[in-house]
Amino acid sequence: MDALAFSTSVSGKIEDDVLLVSIDNPPVNALSAHVRQGLTEALDHAATLEAITGVVITGAGRIFIGGADITEFGKPPVEPSLPEIIERIENFAKPVVAAVNGAALGGGCEIALACHGRIAGEKAGFGLPEVKLGIVPGAGGTQRLPRLIGLPQAIDLIGSGRTVKPAEALELGLADDMAADPLDAALPLVRTMAGQPLRRTGMLPVPVAEQAAVDTATRKILSKARGQAAPAEAVRLITAAAHNNLETGLTDERATFLRLRDSEESAALRHVFFAERSAGKVEKLDGVTPRKIETVGIVGTGLMGAGIAVAALTTGYRVIGVEQTNEAAEQGRERIAGILEKSVQSKRLAPAMRDDCLARLTVTADTSELAAADLVIEAVFDDLDVKTGLFQKLDGIVRKDAILATNTSYLDPDLIAARTARPERVVGLHFFSPAHIMRLVEVVDCKATEPQVLAGALAFAKRLGKLPIVCGVTEGFIGNRIFSAYRREAEFMVEDGAAPEQVDAALEAYGFPMGIFAVNDMAGLEIAWARRKRQAASRDPDARYIETADRLCEAGRLGRKAGRGWYDYSSGERAVDPQVTALIEAARAAKNIVPRAFTDEEIVTRLLKAMADEGAALLAEGIAIRSSDIDLVMINGYGFPAHKGGPMFSASR
Ligand code: 3H9
Numbered sequence: 096m097d098a099l100a101f102s103t104s105v106s107g108k109i110e111d112d113v114l115l116v117s118i119d120n121p122p123v124n125a126l127s128a129h130v131r132q133g134l135t136e137a138l139d140h141a142a143t144l145e146a147i148t149g150v151v152i153t154g155a156g157r158i159f160i161g162g163a164d165i166t167e168f169g170k171p172p173v174e175p176s177l178p179e180i181i182e183r184i185e186n187f188a189k190p191v192v193a194a195v196n197g198a199a200l201g202g203g204c205e206i207a208l209a210c211h212g213r214i215a216g217e218k219a220g221f222g223l224p225e226v227k228l229g230i231v232p233g234a235g236g237t238q239r240l241p242r243l244i245g246l247p248q249a250i251d252l253i254g255s256g257r258t259v260k261p262a263e264a265l266e267l268g269l270a271d272d273m274a275a276d277p278l279d280a281a282l283p284l285v286r287t288m289a290g291q292p293l294r295r296t297g298m299l300p301v302p303v304a305e306q307a308a309v310d311t312a313t314r315k316i317l318s319k320a321r322g323q324a325a326p327a328e329a330v331r332l333i334t335a336a337a338h339n340n341l342e343t344g345l346t347d348e349r350a351t352f353l354r355l356r357d358s359e360e361s362a363a364l365r366h367v368f369f370a371e372r373s374a375g376k377v378e379k380l381d382g383v384t385p386r387k388i389e390t391v392g393i394v395g396t397g398l399m400g401a402g403i404a405v406a407a408l409t410t411g412y413r414v415i416g417v418e419q420t421n422e423a424a425e426q427g428r429e430r431i432a433g434i435l436e437k438s439v440q441s442k443r444l445a446p447a448m449r450d451d452c453l454a455r456l457t458v459t460a461d462t463s464e465l466a467a468a469d470l471v472i473e474a475v476f477d478d479l480d481v482k483t484g485l486f487q488k489l490d491g492i493v494r495k496d497a498i499l500a501t502n503t504s505y506l507d508p509d510l511i512a513a514r515t516a517r518p519e520r521v522v523g524l525h526f527f528s529p530a531h532i533m534r535l536v537e538v539v540d541c542k543a544t545e546p547q548v549l550a551g552a553l554a555f556a557k558r559l560g561k562l563p564i565v566c567g568v569t570e571g572f573i574g575n576r577i578f579s580a581y582r583r584e585a586e587f588m589v590e591d592g593a594a595p596e597q598v599d600a601a602l603e604a605y606g607f608p609m610g611i612f613a614v615n616d617m618a619g620l621e622i623a624w625a626r627r628k629r630q631a632a633s634r635d636p637d638a639r640y641i642e643t644a645d646r647l648c649e650a651g652r653l654g655r656k657a658g659r660g661w662y663d664y665s666s667g668e669r670a671v672d673p674q675v676t677a678l679i680e681a682a683r684a685a686k687n688i689v690p691r692a693f694t695d696e697e698i699v700t701r702l703l704k705a706m707a708d709e710g711a712a713l714l715a716e717g718i719a720i721r722s723s724d725i726d727l728v729m730i731n732g733y734g735f736p737a738h739k740g741g742p743m744f745s746a747s748r
């Protein structure tokens, strides 16, 4: 029989007595207005045609339904609404089964929940990730999921926004069955349901759960919420499902969804969502074929090099680690194996995958083995002579088409490149520590970098599962340059009268996991000290300079590792140190500064402005491609709270 077109994106096919409805709205089958209209038409068709005894809903391509169309948020509503369709599915007189071929997320999962049966294909995924967008499910998810799988499980799933795979979905009772091709199981299932009483999720009682289990699940979610509203609202709605009837629960859910959808928090998180999708897109690379990378050389297997090695091994690369001596090579190998082992213990890596990773790893003191590498990343001491010396040596070892990447944080990669035989193959790959965990990688497009080389480095970072941000050459690239401006402003305020602990508390109340002075102590003060000493001769003598950090370093207060820095850590906790207070007061007195009071609001406003101003300069200089890239760098590398959208987003509001 010919295909039926219910709308531009929803089609139907009659399979004997079953209407098979397919949603085809690339790229993710989002529930745009035409999909909702098509689904309504399809249900009308199935309701009126007597020969149809049941309906199966599936998605075309690799996704079932990616959720509500986020691009419609903030636009005038278009009928029919998703809750209306979902209610209609649940109350439909004929059985409706979801053949979940791929990700069923947000509104997509809510459609599946309202169906009378759910079959998970092998690529299926079920999730309600709304909290990640600063909202709660708005089409019944908080009311139907607990009815189907229980309160603690629903709190975990909705509160975390995580996606479950078919086996777990089956175990939870979220899916009724699994099949390689979900249609193969959905069609017979819907036929067996015809004429039988249907299991309507919204009519089920919420299974009785132990209060302790509900409390534990709630605590786990709230402890990670860091000042965001959505997770707590989601928990409240789910918990209320146990004593509310469906209608009351749905009304409360809808009102909460609409309120949160229009909040700053949701606008910020949606900005971050779309920013991540734009990141790494570089116009000048359109149509450029990336250099192929399969074997990665890593020179230096300290903390950074070992982290990069683990990231590469776990994503399928062959890795050749290089050290200066056999003994150091053995230690490097042990360090890498140790990180892999920890991942096995924490169940993030299967034991078989660890063995596979180790089989692809060589660590050697023989640099000539790098002849086999497609890409060599240096993770050696951050010194210009050390790095240039290494790259010059590599010129005589690696293939002509191999890429050389520097992981420098502060040196000028153009200088390193200029001293090599082929500057066009040099690129920056600035990882953040620990490199196997931190998502951010600044991919530095140097003056001479060839497009194929940049595209190769970018593709490599993406395959590592990282969030690559392309940037030009400048001292500290995007992140450390903004961090320096932010730090300078914080130090100005301290010299003018704020206490470091007040600055930190204001930042932490804003949503940073740690204030800037505590972060400096954690990272260690010596690297920035060395840089200030290097720059002393070229510093503008008229520019304001704060000596306090130098005085701390001179007194051996190099941060947390030393037990003292901006704070005292001798008790194991960070504590205000009267010696630091005295040092700050002496610095003020030396400059005749009369300290004044700062409000927390002024502190945060000035720090945000310092970041945004530096970001604007980076854009003007062409160092950053787009302002949302700057937001992502600060969120993923420097603890800027995602639910505030980043410094550029926040400055634009
Ligand atoms: C919701 O459902 C609310 C309901 O409870 C209540 C409603 C009343 N809408 O990520 P990708 C775009 S809230 C519009 O690279 P992947 C994306 O911007 C929603 N557009 O693909 C990108 O565009 P471009 C709950 C969307 O294969 C392109 O699709 N759902 C949406 O790596 C490809 O995206 C979610 O939060 C959307 N919903 O991953 C799920 N989703 O090509 C959000 C994506 O122009 N989506 N786009 O850059 C995802 O997690 C991933 O996109 C997904 C596919 C896993 C589906």
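Residues 96 to 748 (our numbering) make up the sequence shown, in order.
Positions of the beta carbon are idealized from the N, C-alpha and C atoms, including for glycine.
Source: prediction; values computed, not measured.
For residue i, is the classification buried or exposed, using 16 other Cβ atoms within 10 angstroms of its Cβ as the cut-off for buried?
i: Y662; result: buried
i: G107; result: buried
i: G574; result: buried
i: K170; result: exposed
i: T313; result: buried
i: G375; result: buried
i: G162; result: buried
i: D616; result: buried
i: I679; result: buried
i: G688; result: The sequence shown places Ile at residue 688, rather than the Gly named in the question. With fewer than 16 other Cβ atoms within 10 Å, it is exposed.
i: Q630; result: exposed
i: N124; result: buried
i: F527; result: buried
Tell me, please, which residues DSSP counts as bridged to residue i.
i: R213; result: A193
i: H525; result: E537
i: R517; result: Its beta-bridge partners do not exist; DSSP assigns none.
i: Y461; result: Checking the sequence shown, residue 461 turns out to be Asp, not Tyr. Partner(s): none; D461 has no beta bridge.
i: C566; result: V539 and A719
i: K108; result: L115
i: E473; result: V394 and T501
i: G416; result: I393 and V458
i: F221; result: A199 and V259
i: D490; result: Answer is none; D490 lacks a bridge partner.
Quick check: what's the CA-CA separation for residue i versus residue j?
i: I564; j: V458; result: 29 Å
i: L341; j: L252; result: 20 Å
i: P137; j: F101; result: The residue you asked about is not Pro; residue 137 is Ala in the sequence shown. The straight-line gap from Cα to Cα measures roughly 6 Å.
i: A594; j: K557; result: 41 Å
i: I214; j: D139; result: 23 Å
i: K656; j: Y505; result: 22 Å
i: E621; j: T410; result: 34 Å
i: V105; j: E179; result: 17 Å
i: Q674; j: I415; result: 48 Å
i: A404; j: H531; result: 8 Å
i: R449; j: I434; result: 10 Å
i: E167; j: A193; result: 24 Å
i: A325; j: L228; result: 9 Å
i: A681; j: A625; result: 23 Å
i: A362; j: R349; result: 18 Å
i: R131; j: L265; result: 28 Å
i: V539; j: D490; result: 20 Å
i: D279; j: T396; result: 50 Å
i: N120; j: A155; result: 8 Å
Under a CB-based cut-off of 9 Å, is residue i close to chain B?
i: P326; result: The chain inventory of the structure shown lacks chain B, comprising one protein chain alone.
Taking 8 Å as the cut-off, is the beta-carbon of residue i closer than that to any non-hydrogen atom of the ligand SAH?
i: P224; result: Ligands in the displayed structure: the ligand 3H9; the ligand SAH is not one of them.
Could you tell me whether the segment 373-388 touches the segment 239-256, using the rule of 3 or more Cβ pairs below 8 Å? no
Is the segment 199-207 touching the segment 311-328 in the sense that three or more CB pairs, one from each, lie closer than 8 Å? no
Threshold first: 4 residues or longer. Then list the alpha helix (DSSP H) segments lying entirely within the segment 707-748, N to C. 722-733 and 742-747
Touch check for the segment 139-159 and the segment 110-122: three-plus C-beta pairs under 8 Å? Three or more pairs of CB atoms, one per stretch, sit closer than 8 Å, so the segment 139-159 contacts the segment 110-122.
Which full runs of the beta strand (DSSP E) of 3+ residues lie inside the segment 231-301, going along the chain? You should have 272-274.
Minimum length 4: unbroken alpha helix (DSSP H) runs contained in the segment 551-602: 572-591
Where in the segment 358-404 do unbroken runs of the beta strand (DSSP E), each at least 3 residues long, occur, reported from the N-terminal end onward? Listed in chain order, the complete beta strand (DSSP E) runs (minimum 3 residues) inside the segment 358-404 are 390-394.
Segments assigned alpha helix (DSSP H), at least 4 residues, entirely inside the segment 138-196: You should have 177-186.
The segment 582-596 / the segment 638-654 touching (three or more Cβ pairs under 8 Å): yes
For the segment 221-239 and the segment 328-336, state whether three or more C-beta atom pairs, one from each stretch, are separated by less than 8 Å. Contact between the segment 221-239 and the segment 328-336 is present, with at least three C-beta pairs closer than 8 Å.
Can at least three beta-carbon pairs, one atom from the segment 425-432 and one from the segment 462-474, be found at a separation below 8 Å? no
Cβ contact check for the segment 711-718 and the segment 598-605: 3 or more pairs under 8 Å: no
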